[in-house]
Every structure is written in structure tokens, then in C-alpha cells.
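Residue numbers (my numbering), protein chains in the order written: chain A, 1 to 200; chain B, 1001 to 1200.
Glycine included, each C-beta is placed from N, C-alpha and C at the ideal position.
2 protein chains.
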Amino acid sequence: MGRRSDHSRAELEELILSTGSALIAESGLGGFSAREVARRIDYSIGTIHNVFGTADRLIAAINTRSFAAWAKSLRERLDAAGPDGDRIAALVDGYFGFAREHPHLWTAIFDHRLPPDSGLTEADETGRSLLTHIVVEEIAHAVGGDVDDSLATLARSLIATVHGHCAFAISGAWALMGEAAPEAAALARVREALAARSAR
Amino acid sequence: MGRRSDHSRAELEELILSTGSALIAESGLGGFSAREVARRIDYSIGTIHNVFGTADRLIAAINTRSFAAWAKSLRERLDAAGPDGDRIAALVDGYFGFAREHPHLWTAIFDHRLPPDSGLTEADETGRSLLTHIVVEEIAHAVGGDVDDSLATLARSLIATVHGHCAFAISGAWALMGEAAPEAAALARVREALAARSAR
DNA sequence: ATATAAATTGGACAATGCTCAATTATAGGT
DNA sequence: ACCTATAATTGAGCATTGTCCAATTTATAT
């Protein structure tokens, strides 16, 4: 069994998070179990609760971690597109990309619900808002405007648009509906919205 | 305890479904329990499994039921709009309406996942496709075209668009992001897409 | 009435999340 | 070096869940 000399508190947190993330990645949120995480890292179930308090809070932390990885990969695709590339396509592809590469992690983000009383940690909140910020700034750049309220509203609406397409694509909701190119459809909707805004 | 003389098989199915639906409506998918349903209808846990086989299949059946109610309310709003009314707005409002009135039931539809091996029943599949059919026909009517592949693709894309907005609105994802009018944004995106199609 | 078929029960099992007294390890002071 | 206080870690215990299935109860047909 694990002893405190083996891992510092920070290391232990990291160990639990990465193991939990791997578990969700391979079994989905439904297959997650705090006890299974404990088994895999060879610590007792009590330790998990000492560090994260609750299985729900652990899952929330794992999801925040997923968010960070998602934002990172999104940023990388934007950088790869370059200043004169098709950055809108990169944005949409970045959204879909992480979901396609890590469907269970991506799905867990949106399937998990905290119990009614408790909300997200401050750290969780800020960690998750990064992705939105990237998109808002990118949309501002695309339409050549400042980041005012109406632009932020548009950006969020575009995120929602892409999200809806991605959610159906990943869940397989329309795998049998014969939808061949959900990402292309999402991109088309985004371009139409941006064109409409520019033509205003 | 329940006896077979109290309820026919069909009545029993209905009793379990409506009780389960009520349970999800008040406690969410996370608060659902087959045993709690059994307690509420005063039958044993074994009976639930005799009728529905598995808790997951019961939840799937409850969700199909929700789908039916959703489609019904959507149809009613379309009828209320009349032939010359704003039927596109009615469509979007119908999507949001059910979600707003029954957030837990609506959320359960998209949160629930069947175990990897088993899929939906034939009955579940057809029951759920109704909503899509309504939208496809309505979009065909709006753009004045036949129901060909490209139109069906557009319709599904619009459903995805509205879905994304609705999902964020109901989950409270952007309640704290200061998003005031998710439904209005969804409607705007749909109108832009339809306008782009008409201008083709 | 009796026999056959079907529905219903509920105890048993494995698994889960969470709690908390007991145990064990670390660090600090003398 | 020893002792002490502080902190980390354990794991048995409890309530709860889904699923199974042998035994029981009920309905129906003969």
C-alpha cells in the first residue's frame, strides 16, 4: 500500500487524477469507480476521499483536466493554421478533434452532474473558461471587431452550434440517421453566421 | 404487494413507466433507482426486472416516452402557430419548451447511455425518430423544396444547432456566463442558415 | 378439482460511495 | 537519541444499488 513517503500530496493528487482520467478514457463515465482508482494506484479507498472529498468532486477535477487538454489541442491547431490560414476551420476542427480522439473524456465532461447543492470549485470554473476565451478572441479577430457583449454572445452561440453537431456525432445519435459529415455541417453553419454578421 | 389481478401486463408496464418517469422528473437521472420505482408502485424489485429486463432498458423506455411527449408538444405548438404563423419560431420554441418544462426528463434523454453491447429496441428507435421527421417536413415546407438528402441533412444540422443552445441553457453552463437569451440566439442561427439556403 | 403454465416474490450476491475510529508515519523539540 | 504531537493512511462497517433465480403464489385450462 502507498505510504506518504512514496508521494507528496501534490504527486498523490496528480496520480489520482491521471489514473481516474485513464479509467474514464477507457470505460466511460459509467464505468468510473473511485474504488477502482484506489485499486490501480494501490492506495486505500479512504485516501481518495481524503484528497478529493467525494467521487463527484474527483470526476469534476478530472473533467477540468480534460478541459485543459482540450484547450491546449485547440490552441495548437490554431497555431498550426498560422495567421493567414483558415482559423475558423481550425476552431471547429479543434472542437471536434479532442472529442474524436477522446470520446469518453469528452462525453464525461457534459454527462457529469454535480449534486444539486454543491457547485464547481473556483479552480474548476477558471480552468474551464479558457476554451471559451480562446474562441471569443478568435471570433473577434475573424469579424475584425472588439470584444464587446454582442460579440461574446455570438461567440458563445457559435460554440453552442458546434457543440450540438459534435454531441450528436460522438453519441452516435445520427450514425444511423445517415449523417455523413457533421463537422462539415457545423462549419457551414458557423460560416453562415459570420457572413450574416459581416453583412450587417 | 401487487397482484396480477390488480394490473394486466400492459397496465403494469404503464404503471412502471409513468412512475419511473415521475421519479426522473423530480430527481433527475442520477436519482433514479429501479428499487425506488418498485417501492412506489408496491411491487417487488423482481417484477421490474421481469417486465423490463434491466434498469437501463427501463430508462431507455422512459426516455422514449419523453420523446413522444416532446414530439406531441412540438406538434401542438406548430398547430397553434397556424399555416401562416412563424412556424420556424414555433419549431425552436417547441424544442426549448419541453426542455424548460421538464428539464430532468429532457436531460435524461441525452445523458443516458446504454451498455456498450446492447442497443435500442426497434420500438424505441421508431418512437424517437418522430421528432426528427416533424422537423424535416417543416424545414422542407419552409424552404419550399422536396425532402431530398440535402434537405434532410440541413434539417438535422438545424436540430443540432438548436440542441447545442438548448443543452447549454438547461445545464446552466452559461447561466453564469451571462447569456441572457439562448433561444433567441438559436433562432437567429436557424434563420441565417435558412436564408443562406434560399439565397443559393 | 386438479394440473399446467405463468407471474411474483424476496433473499442472496457483488459492487458502489462514504464515514470514522484506529493505526502508522513524519517532523520537531529537548 | 528519545519522545511527542501532528498529520496521513487505512480498512471495516453501513446503506444502497442492480441483477439473478429458486421458491412461492396465482390464474387458467382441462
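Of the listed residues the options, nearest to residue i (C-alpha basis)
i: A:V136; options: B:D1086, B:M1177, B:L1194, B:E1192; result: B:M1177
i: B:I1139; options: B:A1173, B:P1103, B:S1171, B:R1191; result: B:R1191
i: A:W174; options: B:L1012, B:L1114, B:S1066, B:I1159; result: B:I1159
i: B:T1126; options: B:L1058, B:R1197, B:F1067, B:S1008; result: B:F1067
i: A:S198; options: A:S171, A:G145, A:S129, A:G172; result: A:G145
i: B:P1116; options: A:E36, A:S171, A:I48; result: A:S171
Terminal residues of the alpha helix (DSSP H) in which residue i lies
i: B:G1097; result: 1087–1101
i: A:H201; result: Because chain A here runs from 1 to 200, residue 201 of chain A falls outside it and cannot be looked at.
i: B:W1070; result: 1055–1081
i: A:A38; result: 34–41
i: A:R113; result: Run containing A:R113: none; DSSP gives neither H nor E here.
i: A:T126; result: 122–143
i: A:G46; result: 45–52
i: A:G20; result: 9–27
i: B:E1179; result: Unbroken run through B:E1179: none, as it is neither H nor E.
Nearest-angstrom Cα separation, counted from residue j out to residue i
i: A:A38; j: A:A22; result: 13 Å
i: A:E183; j: B:K1072; result: 30 Å
i: A:A185; j: B:R1200; result: 16 Å
i: A:R156; j: B:Y1043; result: 48 Å
i: A:D93; j: A:R77; result: 8 Å
i: B:A1181; j: A:A193; result: 17 Å
i: B:D1006; j: B:A1060; result: 26 Å
i: A:G2; j: A:R65; result: Residue confidence is low: A:G2 scores 48 on pLDDT, short of 50, so the model does not pin down where it sits. Its coordinate-derived value is still stated next. If you take the alpha carbons of A:G2 and A:R65, they lie about 24 Å apart.
i: B:E1014; j: B:A1055; result: 15 Å
i: B:R1128; j: B:Y1095; result: 14 Å
i: B:S1150; j: A:G82; result: 33 Å
i: B:D1084; j: B:V1147; result: 21 Å
i: A:R100; j: A:S118; result: 30 Å
i: A:L91; j: B:T1047; result: 51 Å
i: B:S1027; j: A:T107; result: 22 Å
i: B:A1089; j: B:A1195; result: 14 Å
i: B:A1123; j: A:D79; result: 48 Å
i: A:A10; j: B:E1179; result: 36 Å
i: A:E36; j: B:S1008; result: 43 Å
Residue j beta carbon less than 8 Å from that of residue i
i: B:I1016; j: B:F1052; result: yes
i: B:A1167; j: A:G30; result: no
i: B:R1189; j: B:T1161; result: yes
i: B:H1112; j: B:N1063; result: yes
i: B:L1187; j: B:L1131; result: no
i: A:T19; j: A:I41; result: yes
i: A:H102; j: A:A25; result: yes
i: B:R1087; j: B:A1142; result: yes
i: B:L1012; j: B:A1034; result: no
i: A:L120; j: A:L114; result: yes
i: B:F1032; j: B:W1070; result: no
The ligand COA heavy atom lying under 7 Å from the CB of residue i
i: B:A1160; result: Among the components of this structure there are no ligands whatsoever, and the ligand COA is therefore not found.
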